[in-house]
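Residue numbers for the sequence shown follow our numbering, beginning at 21 and rising by one.
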Amino acid sequence: INEFLAEKSDQSQDTKRLATNRELAFRGTEVRGEGFILSPEVAKEFIRKNPQNARVLFPYLGGEDLNTDPEHRPSRWVINFHEWPLGEAEKFPELLAILTEKVKPYRDSITKQIHEPDYWKFWDKRTANYKRISALNRVLVCAAISPTNAVTFIKPGIVFQNKIIIFPFNKGSHFSILQSSIHWEWVRMFTST
């Protein structure tokens with residue numbers, strides 16, 4: 021039942037957000053800088069040369085990965101220095117050098133920053149959200165832009181691109197609701213395209 025209680029909804033009314041739904045979904049991470057992103061081959065070579073690099077190199081799942089790969093494998097990896105100060109990031113000089121060369125000039129050119137000024141950190145990290153899902157064995161995700169209502173389970177421990185919507189649920193019942201035609205019709209009613 022929608023809030024309009026009518027067969028033909030009058031969408032000129034403003035919808036009201038329910039406070040209880042505030043934490044039920046979140047958007048993935050916006051890294052803001054192509055230097056963070058590596059091919060799987062390059063990332064694995066960095067890990068092979070120095071196994072400590074595995075602490076800061078993670079698979080990076082994007083919306084296109086969900087929509088095109090039947091196994092939903094990330095096609096890229098990402099350098100993730102978490103919330104670390106620069107001194108901690110400097111313990112990984114080869115990876116920090118990539119960000120200094122490719123991300124710092126771009127970040128320095130952005131005026132009136134409202135997000136992270138430290139170029140070696142993601143622009144919009146979503147730290148609290150990742151902490152919430154870290155204890156789960158799987159979470160539900162879907163691409164933010166998709167012509168279908170394709171929801172799937174993914175194991176946490178990776179970085180989700182900002183074009184992924186994450187639902188911190190691991191039960192089949194949540195999958196059934198989000199994958200249902202009722203939910204899909206609701207989504208289509210409240211999205212522009």
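Glycine included, each C-beta is placed from N, C-alpha and C at the ideal position. Quick caveat, the model's predicted, so the values are computed rather than measured.
- Measuring C-alpha to C-alpha distances from Q72 to each of I202, S154, E108 and S59 identifies E108 as the nearest.
- Within the DSSP bridge table, the entry for E50 names D144 as partners.
- Contact between the region 46-53 and the region 179-192 is present, with at least three C-beta pairs closer than 8 Å.
- Only residues of its own chain outside the window of five on either side were considered, and among them A45 and L160 have a CB closer than 6 Å to the CB of F187, listed in chain order.
- Exclusion of the five residues before and after K69 leaves no residue of its chain whose Cβ lies closer than 6 Å to its Cβ.
- For I197, the uninterrupted alpha helix (DSSP H) run begins and ends at G192 to Q199, by DSSP.
- Proximity to T120 across N190, H102, R208 and G55 peaks at G55, based on C-alpha coordinates.
- As the crow flies, the alpha-carbon of I202 is around 14 Å from that of S193.
- K145 and P167 have their C-alpha atoms some 27 Å from each other.
- Sequence-distant partners of N190 (beyond 5 residues in either direction) whose C-beta falls short of 7 Å from its own C-beta, in its chain, are L156, N157, R158 and V159.
- Sixteen is the threshold: since fewer than 16 other Cβ atoms of the shown chains lie within 10 Å of the Cβ of A39, the residue is exposed.
- Taking C-alpha positions only, S95 is separated from F142 by approximately 19 Å.
- DSSP, read as helix, strand or coil, puts T88 in helix.
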